[in-house]
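Please read the structure below before turning to the comments.
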Ligand SMILES: Cc1cc2nc3c(=O)[nH]c(=O)nc-3n(C[C@H](O)[C@H](O)[C@H](O)COP(=O)(O)OP(=O)(O)OC[C@H]3O[C@@H](n4cnc5c(N)ncnc54)[C@H](O)[C@@H]3O)c2cc1C
Ligand SMILES: Nc1ncnc2c1ncn2[C@@H]1O[C@H](COP(=O)(O)O)[C@@H](O)[C@H]1O
């Protein structure tokens, strides 16, 4: 019997990230082929024990926690040795396909000399082996691969795996010691995290997303915030809007930004380049507002509005407000 | 101790079939391979950016003709990729290495193992590379290499400042903002899109207030001619990673399901009405 280990992701505030629940769902999907159970490992500074308790409600065989002051701010050099040490007892190691998991898991895989499948959109069993399905070529193709090493390492795309739900009963908790670190750890130092502060939902978790493109210019927030507020939506952006400095980097949706799949995605002044589409085409309903009727975004939008956004967006906000009031 | 070469940087670059192309990616009828015929081949954009960052780190932005350091580019590919290496040399890289192999014989683990052997032989102070190759989109080689040589890493870098000899301050683009790390060389840096903004990269020879043009530099014609004479060595994968083979084979490829175009609404009122009664999302 072979078991899976899920690496939990905590924010810099030691709170559990929802992306972890998608990684748990990935592990559960792999279990029939493995024939075993899944465990969870959480690392962090003070406060990580609380996250471990929260994680104990998802049906894991055990929740392992490694708490150490040097783990307060994540660095791969401090995390990887412990993750690799614990992972030696498992056949499959699963992380989140976020900036945390994509940084850490390949490093751990190298330490274990393990093969890695990143950003997986699916996992299935074929002839008793795990097959990993992942997007390639900016989402223009999906490839299915196997990993031929004793330990297999993967990260799960949050948008493709429904978050795991709590179950009854609590998993046993166990502390694990921090493994000795290499020379690399002494040469890296966390300086600061410039967090983009927002009262809005996180892009990856939001039910609605309003994204703006190059067309918004310096009026990005002025025009889009009222719409996001009216919908309780997260804000996103195209690369062009970010590169131009209209929106922070953290907003970027796409192949190389965030992958989102909300119930409603509204693309405002975005042309619809393949790299952008790669990040949002899993959305349930797509709305596009663009003044160019030929813009490629209309080829996949469920509802297209050909209009000048500077008039259409404020009008949409009033209409939404009127509807709510009425 | 003053180093012989002020800063030596290894930049792995990959030649990829450009997915952003009129002839979109096709899958062969058997579903066993991606058909790249008709696609344009170019340097992985992130590697183009990595090269630009490496060049900026080995010069004074105000007087870029005088190189202050060495940039060695390396690719793992067949002979046809030598044009990509020559393009990198024309842009300003000092030396190139081609490790002879083919794409289908490679995966991230193998590339990283072979890069480790190259790092041990070349002894660079820094590896600067793309965060991902836009064909496989696997995003793993930099992290793996850093682990294999026990170097610190700063992935998804949007800014790099050389604070002092051997010390880099790197701004990483992460979910939720920018994470600033200080790394001591030798180290690995993988770059994100914003690394080529005008003020993103400063060597310690470049004034803090100096601003580059946004984007990557282009090779002037004389440099293209001169690049033909710059050294380009070849090695084999077997000598760098003896006995190693692929461990993440792809059995199958598919096209993603295509979304169909929906309808055009005439105005905002119709949009709200349809979103509420038809799509039921508001
Ligand atoms: C390696 C690589 C990775 C990339 N990764 C990403 C990624 O992750 N995410 C991403 O988004 N892009 C990415 N890109 C960039 C992508 O190719 C496009 O350049 C980018 O998405 C374009 O952004 P845009 O649609 O805002 O700008 P544009 O393409 O310039 O489109 C602006 C649109 O606004 C419309 N418009 C203008 N004025 C108005 C108005 N008043 N009212 C209404 N509409 C108006 C125009 O008709 C046009 O369609 C990547 C590119 C590369 C090479
Ligand atoms: N075949 C290759 N030749 C040279 N560099 C490569 C190759 N494959 C990957 N790389 C490097 O590794 C980085 C990350 O690629 P990947 O992990 O494959 O997405 C790329 O941006 C390149 O710098």
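Chains as they are written, first to last, in the numbering used here: chain A, -10 to 315; chain B, 580 to 861. Here a beta-carbon is modelled for each residue, glycine too, at the ideal position from N, C-alpha and C.
Outcome for residue 654 of chain B when other beta-carbon atoms lying within 10 angstroms are tallied against a minimum of 16
Mapped onto the second chain, residue 654 of chain B falls at position 75. Residue 654 of chain B comes out buried.
What is the rounded straight-line gap between the Cα of residue 748 of chain B and the Cα of residue 213 of chain A?
Numbered from 1 along the second chain, position 169 holds the residue referred to as residue 748 of chain B. Numbered from 1 along the first chain, position 224 holds the residue referred to as residue 213 of chain A. Using only the alpha carbons, I get a separation of about 34 Å.
Return the residues of the segment 89 to 115 of chain A that lie within a Cβ-Cβ distance of less than 9 Å from chain B, sorted by chain order.
89, 91, 92, 93, 94, 95, 96, 97, 98, 99, 100, 102, 103, 104, 105, 106, 107, 108, 115
So which residues of chain A does residue 778 of chain B contact, with C-beta pairs closer than 8 Å?
Working through the second chain from its first residue, we reach residue 778 of chain B at position 199. Per Cβ cutoff of 8 Å: no residues; residue 778 of chain B is ~11 Å from chain A at best.
Output, in sequence order along the chain, the residues in the segment 67 to 88 of chain A whose CB is closer than 8 Å to any CB in chain B.
69, 87, 88
State the beta-bridge partners of residue 54 of chain A as determined by DSSP.
Locating residue 54 of chain A in the first chain gives position 65, where the first residue counts as 1. In the DSSP output, where bridge partners are listed per residue, residue 54 of chain A has A:31, A:164.
Using a 10 Å radius around the Cβ and a threshold of 16 neighbouring Cβ atoms, would you call residue 699 of chain B buried or exposed?
The residue you call residue 699 of chain B lines up with position 120 of the second chain. Looking at its Cβ environment, which holds fewer than 16 other Cβ atoms inside 10 Å, residue 699 of chain B is exposed.
Note down, one range per segment and in chain order, each beta strand (DSSP E) of at least 3 residues found wholly within the segment 818 to 852 of chain B.
829 to 833
Span of the beta strand (DSSP E), counted from its first residue to its last, around residue 646 of chain B:
Position 67 of the second chain, counted from the first residue, corresponds to residue 646 of chain B. Residue 646 of chain B -> no beta strand (DSSP E), and no H or E assigned at all.
Can you list, in chain order, the residues of the segment 46 to 68 of chain A whose Cβ is nearer than 8 Å to any Cβ on chain B?
64, 65, 66
When you measure from the CB of residue -4 of chain A to every non-hydrogen atom of ligand 1, does any distance come out below 6 Å?
By one-based count along the first chain, residue -4 of chain A stands at place 7. Result no, Cβ not under 6 Å from ligand 1.
Count the other C-beta atoms from every protein chain shown that fall within 10 angstroms of the C-beta of residue 708 of chain B, then say buried if there are 16 or more, exposed otherwise.
Stepping through the second chain from its first residue, residue 708 of chain B is reached at position 129. Residue 708 of chain B is buried by the Cβ-count criterion.
From the DSSP output, which residues share a beta bridge with residue 788 of chain B?
Here residue 788 of chain B refers to the residue found at position 209 when the second chain is read from its first residue. Looking at the DSSP assignment, residue 788 of chain B forms no beta bridge with any residue, so it has no partner.
Could you name the residues of the segment 827 to 850 of chain B whose beta carbon sits closer than 7 Å to any beta carbon of chain D, in the order they occur along the chain?
No chain D appears in the structure shown, which is made up of the protein chains A and B.
Segments assigned alpha helix (DSSP H), at least 4 residues, entirely inside the segment 153 to 230 of chain A
209 to 220
Residue 813 of chain B bridges to which residues according to DSSP?
Working through the second chain from its first residue, we reach residue 813 of chain B at position 234. In DSSP, residue 813 of chain B forms a bridge with B:677.
With a threshold of 6 Å, establish whether the CB of residue 717 of chain B neighbours any heavy atom of ligand 2.
As a position in the second chain, residue 717 of chain B is number 138, starting the count at 1. Yes; taking the cut-off as 6 Å, the Cβ of residue 717 of chain B has a heavy atom of ligand 2 nearer than that.
Got a sec: is the Cβ-Cβ distance from residue 860 of chain B to anything in chain A below 7 Å?
The residue labelled residue 860 of chain B in the question sits at position 281 within the second chain. Answer yes: the Cβ-Cβ gap between residue 860 of chain B and chain A drops below 7 Å somewhere.
So the candidates are B:609, B:643, B:684; which of them puts its Cα closest to the Cα of residue 786 of chain B?
The residue labelled residue 786 of chain B in the question sits at position 207 within the second chain. Comparing Cα-Cα distances from residue 786 of chain B to each of B:609, B:643, B:684, the minimum goes to B:643.
Less than 7 Å separating the beta-carbons of residue 767 of chain B and residue 631 of chain B?
Against the second chain, residue 767 of chain B aligns to sequence position 188. Against the second chain, residue 631 of chain B aligns to sequence position 52. Cβ atoms of residue 767 of chain B and residue 631 of chain B: not closer than 7 Å.
Through-space distance from residue 315 of chain A to residue 86 of chain A, alpha-carbon basis
For the purposes of this step, residue 86 of chain A is identified with residue 97 of the first chain, where counting begins at 1. For the purposes of this step, residue 315 of chain A is identified with residue 326 of the first chain, where counting begins at 1. Roughly 42 Å between the two C-alpha positions.
Taking the Cβ atom as the reference point for each residue, do residue 225 of chain A and residue 182 of chain A lie within a distance shorter than 7 Å?
Within the first chain, residue 225 of chain A is the residue found at index 236, counting from 1. Within the first chain, residue 182 of chain A is the residue found at index 193, counting from 1. No. Outside cutoff.
Going by DSSP, what residue range makes up the alpha helix (DSSP H) through residue 661 of chain B?
To locate residue 661 of chain B, count along the second chain from 1; it is residue 82. Taken as a continuous stretch (DSSP letters only), the alpha helix (DSSP H) holding residue 661 of chain B covers 661 to 670.
Chain A beta carbons: is any one of them nearer than 7 Å to that of residue 624 of chain B?
Indexing the second chain from 1 puts residue 624 of chain B at position 45. No, residue 624 of chain B lies away from the interface with chain A (no Cβ there is under 7 Å from its Cβ).
Counting pairs of beta carbons, one from the segment 170 to 181 of chain A and one from the segment 200 to 207 of chain A, are three or more of them closer than 8 Å?
no
Cutoff 6 Å; reference residue 237 of chain A; Cβ partners in own chain excluding five residues on either side
As a first step, residue 237 of chain A must be located in the first chain, where it is residue number 248. Result list for residue 237 of chain A: 185, in chain order.
At which residues does the alpha helix (DSSP H) containing residue 21 of chain A begin and terminate?
Taking the first chain and counting its residues from 1, one reaches residue 21 of chain A at position 32. It spans 8 to 23 - the alpha helix (DSSP H) in which residue 21 of chain A sits, taken as one unbroken run.
Kindly give me the distance between the Cβ atoms of residue 223 of chain A and residue 198 of chain A, rounded to whole angstroms, as I take these residues to be in contact under 8 Å.
Numbered from its first residue, the first chain carries residue 223 of chain A at position 234. Numbered from its first residue, the first chain carries residue 198 of chain A at position 209. Confirmed, about 5 Å.
Near-chain B residues of the segment 120 to 140 of chain A - C-beta to any C-beta below 9 Å
120, 121, 122, 123, 124, 125, 126, 127, 128, 129, 130, 131, 132, 133, 134, 135, 136, 137, 138
Inter-residue spacing [alpha-carbon to alpha-carbon] between residue 806 of chain B and residue 704 of chain B:
Numbered from its first residue, the second chain carries residue 806 of chain B at position 227. Numbered from its first residue, the second chain carries residue 704 of chain B at position 125. Those two C-alpha atoms are separated by around 24 Å.
Consider the Cβ of residue 598 of chain B: report whether some Cβ of chain A lies at a distance smaller than 7 Å.
Walking along the second chain from the start, residue 598 of chain B turns up at place 19. With 7 Å as the cut-off, residue 598 of chain B counts as an interface residue toward chain A.
Residue 80 of chain A and residue 140 of chain A look like a contact to me (Cβ under 8 Å); what is the Cβ gap, rounded to whole Å?
Here residue 80 of chain A refers to the residue found at position 91 when the first chain is read from its first residue. Here residue 140 of chain A refers to the residue found at position 151 when the first chain is read from its first residue. 6 Å between Cβ atoms; contact.
Which of the three DSSP states is assigned to residue 263 of chain A in this structure?
Translated into positions along the first chain, residue 263 of chain A becomes position 274. Helix at residue 263 of chain A.
For ligand 1, is there a heavy atom less than 6 Å away from the beta-carbon of residue 251 of chain A?
The residue labelled residue 251 of chain A in the question sits at position 262 within the first chain. It does not: the Cβ of residue 251 of chain A is nowhere closer than 6 Å to a heavy atom of ligand 1.
State buried or exposed for residue 129 of chain A, treating a residue as buried only when at least 16 other CB atoms are found within 10 Å of its CB.
Taking the first chain and counting its residues from 1, the one referred to as residue 129 of chain A is at position 140. Under this definition residue 129 of chain A is a buried residue.
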